[in-house]
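**Q**
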Amino acid sequence: MSNVFDGDSPTNLAEYSVSELSGSIKRTVETAFDQVRVRGEISGYRGPHSSGHAYFALKDDRARIDAVIWKGTFSRLKFRPEEGMEVIATGKVTTFPGSSKYQIVIETLEPAGAGALMALIEERKRKLGAEGLFDAARKKRLPFMPGVIGVVTSPTGAVIRDILHRISDRFPVHVLVWPVKVQGEGSGEEVANAIRGFNALEPSGAIPRPDVLIVARGGGSLEDLWSFNDEIVVRAAAESRIPLISAVGHETDWTLIDYAADVRAPTPTGAAEMAVPVKAELEAQAAALAARLQGCMNRQMDQRRQSVRALMRALPSLDQLLALPRRRFDEAAIGLGRGLELNTINKRRGFERVAAHLRPDVLSNRIAERRQTLNERMARAERMVERLIDRSKSRVDRAEAILASLPARLKTQTDRGRERLGNLSRHADTAVRHQLTRARAELSAQDRVLQSLSYKNVLKRGYAVIRDEDNRPVSQAAHLSAGMGIAIEFADGRVGAMTTEGGTPPASAKKRSVRPADPPKQGSLF
Numbered sequence: 353m354s355n356v357f358d359g360d361s362p363t364n365l366a367e368y369s370v371s372e373l374s375g376s377i378k379r380t381v382e383t384a385f386d387q388v389r390v391r392g393e394i395s396g397y398r399g400p401h402s403s404g405h406a407y408f409a410l411k412d413d414r415a416r417i418d419a420v421i422w423k424g425t426f427s428r429l430k431f432r433p434e435e436g437m438e439v440i441a442t443g444k445v446t447t448f449p450g451s452s453k454y455q456i457v458i459e460t461l462e463p464a465g466a467g468a469l470m471a472l473i474e475e476r477k478r479k480l481g482a483e484g485l486f487d488a489a490r491k492k493r494l495p496f497m498p499g500v501i502g503v504v505t506s507p508t509g510a511v512i513r514d515i516l517h518r519i520s521d522r523f524p525v526h527v528l529v530w531p532v533k534v535q536g537e538g539s540g541e542e543v544a545n546a547i548r549g550f551n552a553l554e555p556s557g558a559i560p561r562p563d564v565l566i567v568a569r570g571g572g573s574l575e576d577l578w579s580f581n582d583e584i585v586v587r588a589a590a591e592s593r594i595p596l597i598s599a600v601g602h603e604t605d606w607t608l609i610d611y612a613a614d615v616r617a618p619t620p621t622g623a624a625e626m627a628v629p630v631k632a633e634l635e636a637q638a639a640a641l642a643a644r645l646q647g648c649m650n651r652q653m654d655q656r657r658q659s660v661r662a663l664m665r666a667l668p669s670l671d672q673l674l675a676l677p678r679r680r681f682d683e684a685a686i687g688l689g690r691g692l693e694l695n696t697i698n699k700r701r702g703f704e705r706v707a708a709h710l711r712p713d714v715l716s717n718r719i720a721e722r723r724q725t726l727n728e729r730m731a732r733a734e735r736m737v738e739r740l741i742d743r744s745k746s747r748v749d750r751a752e753a754i755l756a757s758l759p760a761r762l763k764t765q766t767d768r769g770r771e772r773l774g775n776l777s778r779h780a781d782t783a784v785r786h787q788l789t790r791a792r793a794e795l796s797a798q799d800r801v802l803q804s805l806s807y808k809n810v811l812k813r814g815y816a817v818i819r820d821e822d823n824r825p826v827s828q829a830a831h832l833s834a835g836m837g838i839a840i841e842f843a844d845g846r847v848g849a850m851t852t853e854g855g856t857p858p859a860s861a862k863k864r865s866v867r868p869a870d871p872p873k874q875g876s877l878f
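Here's what the structure looks like:
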């Protein structure tokens, strides 16, 4: 401090520079308020600065004081400051010479009583509940028999031993423990990271992914359990894809993770009981079900056996089953020969009826009719051609007369008409020739059919026709008597002969009283 006397000054007051005065005030304030406890409401809190320090203010209904928490102190706090939270801050008051302001440098921070903590929990509960993190619809069912159980708790407390002991007694399974702090600074982040770490495991990885998670801690005060009310822990529990059991504190202790978890257990031991069934009870139940199943199978087999025996008694014997088919077979075998004979007779009769219509005279008559029809058609065609020619000539004559009277410009059209008429005439001649050609071809085909059915073709194969004195064909030896003159017709001519003895008439011929007067018009081909 400068102590320069100025002879011109009207007083004896010492003169200070601004820096000297600010430093003096700073030392005075820090000496007078080196350790204070201040109760107030946090205002203007926006979280830690990028440097790690936190700047805000404490206020009540009449005053306001700036506050700062340095980076090293902030990381050791049990509670994170929040806007509107009533707290008790312990620290020292100092000034900031650059702006002539004073502030409190906080070293410890705690909520202002349990009521403030409960109010904070209720406010956080309403906020997270409005986001749907506590909805019952999103909660997952626990697996009945998990293969792997993940436990998030402290590795040194009694909680993990109780859980492992209970799981071993009920149903031994693979247990994975993720060690975390369950109290104090940074415990909330460790619990949240453990939950997310278990969910990040691959089902088929080197470390198996748990089928159910247990987040456990023993009992304690509200401050001791405060980490499980942290928003980051609640969100991690709500986002977990693995079913999660919350076992924090005793049965009367409630934390926000209990609302976000899929199931809340009253104690860590109760969580182990919820996670796995009792192996002995399952074995007893399985044995009882196996015994019931065996009994049902035996009763079912007895009933089926009795039903089969009843059906066997109701079935007829083998002889009874085959009696009717055997009889039908015998009847069919007996009627088979008769059926073949009747079928042969019917076929022969049908053949004879068809052969009766294949007589040469019928074919000759048909050919004559066709020839006559063809001649008539040819005559009509000739008359039609003559009429067409006459008409064409008359048209030509009329056309020539018209041409003679018409001017020379019509001569070209007349020539075209004459040419068209000539074409029509040629077409008519061509049509008539084609018709005659088809008629001749048809007549030739019918003539070939007649020749193929003529008996002379049979004579060429070595047969002969016997004729009597009246030149009538003889078909039976009984029609000839001894000394009768006959003519034998071969393919190349006839020869005469004389019978030496007479034939024996058949029985049917003897019964006839009158011989038909008219001989048949057609002789035998053979």
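Note that our numbering has the sequence shown beginning at 353, numbered continuously upward. Quick reminder that beta carbons are idealized off the backbone N, C-alpha and C, glycines included. Since this is a predicted model, take the numbers as computed values, not measurements.
1. Since residue 840 and residue 851 should fall inside the 8 Å C-beta cutoff, what is the C-beta to C-beta distance between them, to a whole number of angstroms?
2. Under the rule that 16 or more other beta-carbon atoms within 10 Å means buried, what is residue 873, buried or exposed?
3. Would you grab the beta carbon distance between residue 419 and residue 410 for me? Rounded to a whole angstrom, and I think it's under 8 Å.
4. Can you tell me whether residue 579 is buried or exposed, with buried defined as 16 or more other CB within 10 angstroms of its CB?
5. Mapping DSSP to helix, strand and coil, what is residue 620?
6. Between which two residues does the beta strand (DSSP E) holding residue 342 run?
7. With a CB to CB cut of under 8 Å and the five nearest residues on each side skipped, what residues in its chain are close to residue 878?
8. Is it buried or exposed, residue 706, if we count other Cβ atoms within 10 angstroms and call 16 or more buried?
9. Under the three-state reduction of DSSP, which class applies to residue 558: helix, strand or coil?
10. Can you round the beta-carbon distance between residue 567 and residue 547 to whole angstroms, since I take them to be within the 8 Å contact cut?
11. Looking at C-beta atoms only, is the number of pairs between the stretch 519-533 and the stretch 582-599 that lie closer than 8 Å three or more?
12. Tell me whether residue 842 sits in a helix, a strand or coil according to DSSP, three-state version.
13. Could you spell out the range, first to last residue, of the beta strand (DSSP E) harbouring residue 421?
14. Below 7 Å CB to CB, which residues in the same chain sit around residue 798 once its five sequence neighbours on both sides are set aside?
15. Taking all protein chains shown into account, do 16 or more other C-beta atoms lie within 10 angstroms of the C-beta of residue 616, making it buried, or fewer, making it exposed?
16. So for residue 807, helix, strand or coil by DSSP?
17. What does a CB cutoff of less than 7 Å around residue 605 pick up in its chain, not counting 5 residues either side in sequence?
18. Can you find the residues in the same chain that come closer than 6 Å, C-beta to C-beta, to residue 480, ignoring five residues on each side of it along the sequence?
19. How would you label residue 753, buried or exposed, when you count the other beta carbons within 10 angstroms and need 16 or more for buried?
20. Classify residue 581 as buried or exposed, calling it buried when 16 or more other Cβ atoms lie within 10 Å of its own Cβ.
21. Can you say whether residue 452 is buried or exposed, counting buried as having 16 or more other CB atoms within 10 angstroms of its CB?
22. I'd like to know whether the C-beta atoms of residue 593 and residue 545 end up nearer to each other than 8 Å.
23. On the criterion of 16 or more Cβ atoms from any shown chain inside 10 Å, does residue 653 qualify as buried, or is it exposed?
24. Is residue 848 buried or exposed, if buried means 16 or more other CB atoms sit within 10 Å of its CB?
25. Leaving out five residues before and five after residue 368 in sequence, what residues of the same chain have Cβ atoms less than 6 Å from its Cβ?
26. On a CA-only basis, which of 682, 476 and 795 is nearest residue 725? Give me that one, please.
27. Out of 381, 406, 731 and 788, point me to the one whose CA is closest to residue 434's CA.
28. What's the C-alpha gap between residue 836 and residue 821?
29. Among 415, 414, 417 and 441, which has the Cα closest to the Cα of residue 425?
30. Tell me which same chain residues have a C-beta within less than 8 Å of the C-beta of residue 862, skipping the five on either side of it?
31. For residue 427 versus residue 537, is the C-beta distance shorter than 8 Å?
32. Quick check for students: name the residue ranges of the alpha helix (DSSP H) that lie wholly in the stretch 574-651, counting only runs of 4 or more.
33. Run through DSSP, which three-state label would residue 661 get?
34. Per DSSP, which residues does residue 818 bridge with? Please list them.
35. Distance, Cα to Cα, residue 492 vs residue 608?
36. Please name the residue, chosen from 741, 691 and 787, that lies closest to residue 773 on a Cα-to-Cα basis.
**A** Put simply:
1. Working through the sequence shown from its first residue, we reach residue 840 at position 488. Working through the sequence shown from its first residue, we reach residue 851 at position 499. That pair is no contact at about 11 Å.
2. Position 521 of the sequence shown, counting from 1, holds the residue named residue 873. Reliability fails at residue 873, whose pLDDT of 48 lies under 50, so the model's placement of it is uncertain and the value that follows must be treated cautiously. Exposed is the call here.
3. The residue given as residue 419 occupies position 67 in the sequence shown. The residue given as residue 410 occupies position 58 in the sequence shown. 5 Å between Cβ atoms; contact.
4. For the purposes of this step, residue 579 is taken as the residue at position 227 of the sequence shown. Buried, because 16 or more other Cβ atoms sit within 10 Å of the Cβ of residue 579.
5. Within the sequence shown, numbered from 1, the residue matching residue 620 stands at position 268. Residue 620 falls in the helix class under three-state DSSP.
6. Outside the modelled stretch of the chain, which goes from 353 to 878, sits residue 342, for which no answer is possible.
7. The residue given as residue 878 occupies position 526 in the sequence shown. Its pLDDT being 39, under 50, residue 878 is placed unreliably by the model, and the measurement read from it follows with that caveat. Counting only Cβ-Cβ distances below 8 Å, and skipping sequence neighbours, we find 810 and 815.
8. Sequence index remark: in the sequence shown, residue 706 carries index 354 (1-based). Counting Cβ neighbours within 10 Å, residue 706 comes out exposed, since fewer than 16 surround it.
9. One-based indexing of the sequence shown puts residue 558 at position 206. Correct three-state label for residue 558: coil.
10. Translated into positions along the sequence shown, residue 567 becomes position 215. Translated into positions along the sequence shown, residue 547 becomes position 195. Indeed they touch by this definition, with Cβ atoms about 7 Å apart.
11. When Cβ pairs closer than 8 Å are counted between the two stretches, the stretch 519-533 is seen not to touch the stretch 582-599, the count staying below three.
12. For the purposes of this step, residue 842 is taken as residue 490 along the sequence shown, with counting starting at 1. If DSSP states are grouped into helix, strand and coil, residue 842 belongs with the strands.
13. The residue you call residue 421 lines up with position 69 of the sequence shown. Counting along the chain, the beta strand (DSSP E) containing residue 421 begins and ends at 416-421.
14. The residue labelled residue 798 in the question sits at position 446 within the sequence shown. Once the five neighbours on either side are set aside, the close Cβ partners of residue 798 are 719 and 722.
15. Sequence index remark: in the sequence shown, residue 616 carries index 264 (1-based). Per the 10 Å Cβ criterion, buried.
16. Counting from one through the sequence shown, the residue named residue 807 turns up at place 455. Looking at residue 807 - three-state DSSP - the assignment turns out to be helix.
17. For the purposes of this step, residue 605 is identified with residue 253 of the sequence shown, where counting begins at 1. Excluding sequence neighbours, residue 605 sits near 571 and 577.
18. On the sequence shown, position 128 is the one that residue 480 refers to. Excluding sequence neighbours, residue 480 sits near 586.
19. Within the sequence shown, the letter at position 401 stands for residue 753. The residue in question, residue 753, is exposed, as its Cβ has fewer than 16 Cβ neighbours within 10 Å.
20. For this step, residue 581 is matched to residue 229 along the sequence shown. By the neighbour-count definition (other C-beta atoms within 10 Å, threshold 16), residue 581 is a buried residue.
21. The residue labelled residue 452 in the question sits at position 100 within the sequence shown. Burial call: exposed.
22. Taking the first residue of the sequence shown as 1, we reach residue 593 at position 241. Taking the first residue of the sequence shown as 1, we reach residue 545 at position 193. No, the pair does not count as a contact, with Cβ atoms beyond the cut-off.
23. For this step, residue 653 is matched to residue 301 along the sequence shown. Result: exposed.
24. By 1-based counting over the sequence shown, the position of residue 848 is 496. Exposed: under 16 other Cβ atoms inside 10 Å.
25. For this step, residue 368 is matched to residue 16 along the sequence shown. Cβ neighbours of residue 368 within its own chain (closer than 6 Å, five residues either side excluded): none.
26. Residue numbering aside, residue 725 sits at position 373 when the sequence shown is read from its first letter. Distance check between residue 725 and each of 682, 476 and 795 places 795 closest, using alpha-carbon atoms only.
27. If you number the sequence shown from 1, residue 434 lands on position 82. The shortest Cα separation from residue 434 among 381, 406, 731 and 788 belongs to 406.
28. Mapped onto the sequence shown, residue 836 falls at position 484. Mapped onto the sequence shown, residue 821 falls at position 469. Straight-line Cα distance between these residues: approximately 8 Å.
29. Here residue 425 corresponds to residue number 73 of the sequence shown, with the count starting at 1. Checking every option, the nearest Cα to that of residue 425 belongs to 441.
30. Locating residue 862 in the sequence shown gives position 510, counting from the first residue. Low confidence applies to residue 862: its pLDDT is 42, below 50, so where it sits in the model is not reliable enough to give any reading.
31. Stepping through the sequence shown from its first residue, residue 427 is reached at position 75. Stepping through the sequence shown from its first residue, residue 537 is reached at position 185. Yes.
32. Here the runs fully enclosed are 583-591, 608-612 and 620-627.
33. Against the sequence shown, residue 661 aligns to sequence position 309. Under the three-state reduction of DSSP, residue 661 is assigned to helix.
34. Within the sequence shown, residue 818 is the residue found at index 466, counting from 1. Partner residues in the beta bridge of residue 818, as assigned by DSSP, are 840.
35. As a position in the sequence shown, residue 492 is number 140, starting the count at 1. As a position in the sequence shown, residue 608 is number 256, starting the count at 1. Whole-angstrom Cα-Cα distance: 17 Å.
36. Indexing the sequence shown from 1 puts residue 773 at position 421. Checked all of 741, 691 and 787; the closest Cα to residue 773 is 741.
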